[in-house]
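In the numbering used here, the protein residues as written are 722 to 815. Every residue, glycine too, gets a C-beta built ideally from N, C-alpha and C. Quantities reported herein were computed from a predicted structural model and do not represent experimental measurements. See below for the structure under consideration.
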Amino acid sequence: MRVARPPTGFQIRLSESAKSTLDNSARGIPRLTEIWDGVCNRLKFTAHREGQRLPNGDTVLQIDGDPSFGIPKIALVYRVLGDTVTIRRILLQI
């Protein structure tokens with residue numbers, strides 16, 4: 722089995738590309754830190770069950786936002802392996 726979610730949740734890791742996207746988008750989305758913390762908390766416990774699995778083993782998850790409240794639509798590409806979720810790509814759209 723490839724997934725081993727600990728009782729406290731998966732470890733969340735970001736690729737350099739994902740980190741860069743978050744850093745570059747933070748200036749234009751004032752609440753991004755708060756929103757991103759919520760996304761990570763969600764993935765800690767549900768990453769192995771959410772999204773659509775791709776043939777290469779990655780998973781794509783789209784989270785609808787609400788532009789009227791400044792919450793972007795978020796699309797993630799991530800991989801769950803063992804006790805870790807590695808977020809490979811992030812797309813943010815207001």
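Buried or exposed: residue i, going by 16 or more other Cβ atoms within 10 Å of its Cβ?
i    : result
R800 : buried
G772 : buried
L764 : buried
A768 : buried
T780 : buried
Please list, in chain order, all residues of the same chain as residue i whose beta carbon is under 6 Å from its beta carbon, the five residues on each side excluded.
i    : result
I815 : P788 and P793
A796 : Q783 and L812
Can you list, in chain order, the residues of its chain with a C-beta nearer than 8 Å to that of residue i? Leave out the 5 residues immediately preceding and following it.
i    : result
R752 : G791 and I792
Among residues of its own chain, excluding the 5 on either side of residue i, which ones have a beta-carbon nearer than 7 Å to its beta-carbon?
i    : result
T807 : R734, S736, Y799 and R800
Rounded to the nearest angstrom, what separates residue i and residue j at their Cα positions?
i    : j    : result
T805 : P728 : 13 Å
Give the DSSP bridge partners of residue i, in chain order.
i    : result
A796 : Q783 and L812
V724 : G803
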